[in-house]
Amino acid sequence: MRNRKFSWKRFGKRLLYTALVFVGLLLIGFIYLYCVAIEHPPTPADLSSLQLQRKQPSPGFYTIGNNWFRKSKSGLFEMYVAGKPFERGVINGKLSKELVVNQEVYFTDQIGKIIPSKSYLSFLKYFIAWFNRDLAKNVNEEYKEEIYGISKSASDKFQYIGSNYQRILNYHAAHDIGHALQSMALVGCTSFGTWNDRSADGTMIVGRNFDFYVGDNFAHDKMVAFFNPSEGHKFMTITWGGFVGAVSGMNEKGLSVTINADKTNIPSGSATPVSLVAREILQYAQNIDEAIAIAKKRKMFVSESFLVASAEDNKAVVIEKTPDTLDVYDPHQNYILCANHLQSKGLAHSKENEVQLSNSASPYRYQRLMELLNADSKNTVQKTVDILRDRGGLHGEDIGMGNEKALNQLIAHHSVVFEPQKLLVWVSTSPWQLGQFVAYDLKKIFAMKGMQTDHEVIDSTLTIKQDTFLNTKAYRDFITYRTLKQKAFDGGEINPDSVVASNPQFYHAYVIAGDYSFKHNNYKKALSYYKTALTKVIATVNEENYIKKQVEKCIKKLSS
445 MRNRKFSWKR FGKRLLYTAL VFVGLLLIGF IYLYCVAIEH PPTPADLSSL
495 QLQRKQPSPG FYTIGNNWFR KSKSGLFEMY VAGKPFERGV INGKLSKELV
545 VNQEVYFTDQ IGKIIPSKSY LSFLKYFIAW FNRDLAKNVN EEYKEEIYGI
595 SKSASDKFQY IGSNYQRILN YHAAHDIGHA LQSMALVGCT SFGTWNDRSA
645 DGTMIVGRNF DFYVGDNFAH DKMVAFFNPS EGHKFMTITW GGFVGAVSGM
695 NEKGLSVTIN ADKTNIPSGS ATPVSLVARE ILQYAQNIDE AIAIAKKRKM
745 FVSESFLVAS AEDNKAVVIE KTPDTLDVYD PHQNYILCAN HLQSKGLAHS
795 KENEVQLSNS ASPYRYQRLM ELLNADSKNT VQKTVDILRD RGGLHGEDIG
845 MGNEKALNQL IAHHSVVFEP QKLLVWVSTS PWQLGQFVAY DLKKIFAMKG
895 MQTDHEVIDS TLTIKQDTFL NTKAYRDFIT YRTLKQKAFD GGEINPDSVV
945 ASNPQFYHAY VIAGDYSFKH NNYKKALSYY KTALTKVIAT VNEENYIKKQ
995 VEKCIKKLSS
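And the structure:
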């Protein structure tokens, strides 16, 4: 008995010691995470811009000196900002304060829908803090100052996530983190360009769909921003409140940049956000060689394709950059295509790219783009818009509305067309790329000496009409489908037959109906939906495998 008592006592001491060590390590870990979570803001030499106040000459129109912010009749917000980095950021934030605040609300609301667990959200906060521990070290001081300036207008209600500066800085890496941690984030952005004999008038035309979806509200307040920085070139981007990076843009030298995500391994930590590399190219490069030099000197933690079109070079290339290397895809012909896979000699046969080609919708979408580009006449701005709006599959097959294999997946944040040699830009208006494409003449806008009275800055003579699809029953059915899909996602009651009736050629409509029926123990009906889904054009191998597994589960349930 004595030995037994003694052994239990010793075991208890060891257990207590182990627990104390574990708690101690946990405490040290949380202290470390807390420390790396705090990004100390930069210290601008001149803080006088904080005293600037915006004026409101008329409802919805704001100015600070020669800087201005307004909402176009098209529904797009427009902003012009000039000055030094911190000053630009402060003015940007003050002019577009409501958008800065709203975008963060939309962003956090969508995260809350995706991750409803508060405990997991809390864990995620510390994980992202650890993941982004080196983020500030990889961001130029210029952009840190600009972000810090914007953060002065951010809402204080999200301090539980982090300081205003820390949050705005981290949001610039949101695209990269989502891309790195979720294969599903490789949704199909598509871009392409033509020049010389492939364009009707011989000049360069570049088009792109930016399919970055963080909820309907996030895409609602799109902004066309014009920047006149104290250093570098004037440039424009299609953006949103609080964001100084670039995903689509063109500078005064006729150099345009768009980004497309590629397959990447899960990294151990962050580096320079893709959008800030694209922004630096826009601001400081006037030709392809200068763009490549900028991309080479920045370390990134995901793989990305930068389609760079240059008026000076009269051609476009794709700069393909991974965390480890960089290569350039030059087609050596008068057109270029870019989806979500790598094409350069050095990277096309990488292991990650082979997986992407085998499993994703990217090669199918690439083939459809080539098919449309080769059809009929030479390329024009109107034809580019028509291609970007195309909802069909190969050979025009009906593959359902919203299919990732289509060029137009009906989720685009924006769609844009550039004519670099003419310094003209067409930007889509809501919904997605179906509304009007309104035109901006950068020569005229960058020649403006401020704006003291509110007026339109688009060139209305170049406006491209909205898609006729908006006036069809098919469009109304798609809106019904989206409503039912969201209701099912939120756990509400739906009629599965109504889901498939609203989008009968889309495999995912049958998956939604099948999942709903399976959840409600109607395995026979679920099996029928899943089997029908397998007869449709499925976007990815992972989704096809999921459907097949659900078929097996249904059969097992029905036979038990």
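Numbering-wise, the sequence shown is residues 445 to 1004 according to the working numbering.
Glycine residues also receive a C-beta, built at the ideal position from the N, C-alpha and C atoms.
Same chain only: Cβ atoms within 6 Å of VAL762, ignoring 5 sequence neighbours per side:
SER749, LEU751, TYR773 and CYS782
Residues near SER874 in its chain [Cβ-Cβ closer than 8 Å; skip 5 each side]: GLY519, ALA663, HIS664 and LYS666
Using the Cα positions of PHE505 and PRO775, report the straight-line distance between them to the nearest angstrom.
45 Å
Considering only the beta carbon of each residue, do GLU522 and VAL668 sit closer than 7 Å? yes
Sequence-distant residues of the same chain with beta carbon closer than 6 Å to LYS888, five excluded per side: none
Fill in: Three-state class that DSSP yields for GLU900 in the structure shown
coil
Practice prompt. In angstroms with no decimal places, state the Cα-to-Cα distance between SER516 and THR927.
Written response: 28 Å
| What is the residue span of the beta strand (DSSP E) that ILE780 lies within? | 779 to 782
Check: alpha helix (DSSP H) containing VAL525: first to last residue?
Finding: From DSSP, VAL525 is part of no alpha helix (DSSP H) but of the beta strand (DSSP E) over 521 to 527.
For the alpha helix (DSSP H) containing MET744, list its first residue and its last residue.
Neither: MET744 is in no alpha helix (DSSP H) and is coded neither H nor E.
Query raised in the report: Below 8 Å, can you find three or more Cβ-Cβ pairs linking the segment 821 to 833 to the segment 645 to 652?
Result: yes
In whole angstroms, give me the CA-to-CA distance for LYS917 and ASN511.
44 Å
Self-check item: Those residues which DSSP pairs with HIS858 across a bridge
Solution: PHE654
Determine the direct distance from the alpha carbon of TYR728 to that of GLY676, and round the result to whole angstroms. 5 Å
- With contact counted as at least three CB pairs below 8 Å, one residue from each stretch, are the segment 540 to 554 and the segment 715 to 728 in contact? no
Unbroken alpha helix (DSSP H) run spanning THR1005, endpoints: In this structure the chain extends from 445 to 1004, so residue 1005 is not present and cannot be described.
Output yes or no for whether 7 Å exceeds the beta carbon distance between SER872 and PHE881.
yes
Original post:
For the segment 487 to 543, which segments carrying the alpha helix (DSSP H) assignment without a break, of at least 4 residues, lie completely within its bounds, in sequence order?
Top reply: 529 to 539
Assign SER643 to buried or exposed, taking buried as 16 or more other Cβ atoms, counted over all protein chains shown, within 10 Å of its Cβ. buried
- Message: I'd like the list of long-range same chain contacts for GLY879, defined as Cβ closer than 7 Å, with 5 residues on each side in sequence excluded.
- Response: SER872, THR873 and GLN910
ask   = So, is GLY713 buried or exposed, given that buried needs 16 or more other C-beta atoms within 10 angstroms?
value = exposed
Review point. Going by C-alpha distance, which of GLY533, VAL701 and MET895 is nearest LYS759?
Key: VAL701
Note to self: Distance cutoff 7 Å, beta carbons only. Does MET814 sit that close to anything in chain B?
What the structure shows: In summary, chain B is missing from the structure at hand, where a single protein chain is found.
query = Would you say LEU543 and GLY689 are within 7 Å of each other, going by their C-beta atoms?
reply = no
Using a Cβ-Cβ cut-off of 8 Å (strictly less than) and excluding sequence neighbours within five positions of ILE594, which residues of its own chain qualify?
GLY533, VAL534, ASN536, GLY537, VAL544, ILE612, GLY686 and VAL688
Of all the options LYS969, ASN818, LYS741 and LYS866, which has the alpha carbon lying nearest to the alpha carbon of LEU1002? LYS969
Inter-residue spacing [alpha-carbon to alpha-carbon] between ILE736 and GLU764 | 10 Å
*asked:* Taking its Cβ as the centre, do 16 or more other Cβ atoms sit within 10 Å of PHE933, making it buried, or is it exposed?
replied: exposed
Quiz item: If you draw a straight line from the C-alpha of THR824 to the C-alpha of TYR779, how long is it?
Solution: 13 Å
Q) Opposite TRP870 in the DSSP bridges: which residues? A) VAL861 and ALA883
What's the call for ASN672, buried or exposed, on a 16-neighbour Cβ count within 10 Å? buried
Just to confirm my understanding: we take PRO421, look at its own chain, exclude 5 residues before and 5 after, and list those with CB closer than 6 Å. What are they?
Nothing in the structure corresponds to residue 421, since the chain is present only between 445 and 1004.
Note to self: Quick check: the Cα distance between THR905 and TYR919, rounded to an integer number of angstroms?
What the structure shows: 28 Å
Closest to SER597 by CA distance: which of LYS557, VAL943 and GLN497 is it?
GLN497
Exercise. For PHE636 versus LEU867, is the C-beta spacing smaller than 7 Å?
Worked result: no
- So, are the CB atoms of GLU756 and PHE890 less than 7 Å apart? no
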